[in-house]
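Here's the structure we're looking at; comments come further down.
In my numbering, the protein residues as written are 29 to 71.
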């Protein structure tokens, strides 16, 4: 599982979606998980 701190994210979220086939991406804000990007294949 990969985590991305939204305050430090350097790429648009659309760029991170290219990685979701490999792993779930958890978005964090102020060090707390607030959302996840998951491939629909895994739902």
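The beta carbon of each residue, even a glycine, is placed where N, CA and C say it ideally should be.
Which first and last residues belong to the alpha helix (DSSP H) in which residue i is found?
i          : result
residue 55 : Counting along the chain, residue 55 falls outside any alpha helix (DSSP H), though it belongs to the beta strand (DSSP E) covering 53–57.
Just the Cα atoms here: how many angstroms apart are residue i and residue j?
i          : j          : result
residue 56 : residue 36 : 10 Å
residue 46 : residue 67 : 10 Å
residue 60 : residue 34 : 10 Å
Given a cut-off of 8 Å on the beta-carbon distance, is the pair residue i and residue j in contact?
i          : j          : result
residue 53 : residue 32 : yes
Could you tell me how far apart the beta carbons of residue i and residue j are, in whole angstroms, since I believe they sit closer than 8 Å?
i          : j          : result
residue 51 : residue 69 : Not quite, the Cβ-Cβ distance comes to about 12 Å (not below 8 Å), so this is no contact.
For the beta strand (DSSP E) that contains residue i, what are its first and last residues?
i          : result
residue 63 : 60–65
residue 31 : 30–33
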